[in-house]
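Structure record follows, encoded as structure tokens.
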Amino acid sequence: MSINCKEIEHYKEVIVKAAGNDLYHSDCPELQLDTLALIVDGLVKDNKDGKNEQLIGFLAHIGKSLNELIKYRNLMK
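Listed below in structure tokens is the structure:
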């Protein structure tokens with residue numbers, strides 16, 4: 261698989277723009293984690309022949325990072 265750096269940069273811009281429009285989850289990792297859990301639940305239920313395994317694994321890593329962020333924020337309070 262070749263990596264197209266211009267394409268990656270374009271998608272990063274799309275993600276940043278979409279995040280800017282998502283005021284509901286802004287600065288609230290707890291809500292982000294809740295929503296992530298709902299997304300993963302849907303992916304698990306529709307994981308015929310393991311087609312979603314990589315995405316589920318990737319989202320699990322994001323969930324771990326969110327948990328660490330929540331712990332860190334609580335320590336800093």
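Residues 261 to 337 (my numbering) are what the sequence shown spells out, left to right. We put the beta carbon where it would ideally sit given N, CA and C, even for glycine.
With fewer than 16 other CB atoms across the displayed protein chains lying within 10 angstroms of its CB, Gln314 is exposed. Residue nearest to Leu329 within the set Leu291, Asp309 and Lys311 is Leu291 (criterion: CA-CA distance).
Residues of the same chain with a CB within less than 7 Å of the CB of Gly323, apart from the 5 flanking positions on each side, are Leu293 and Leu296 in chain order. The region 279-323 contains, as complete alpha helix (DSSP H) runs of 4+ residues, the segments 289-305 (chain order). Per the coordinates, the alpha-carbon of Ser262 lies some 15 Å from the alpha-carbon of Glu269.
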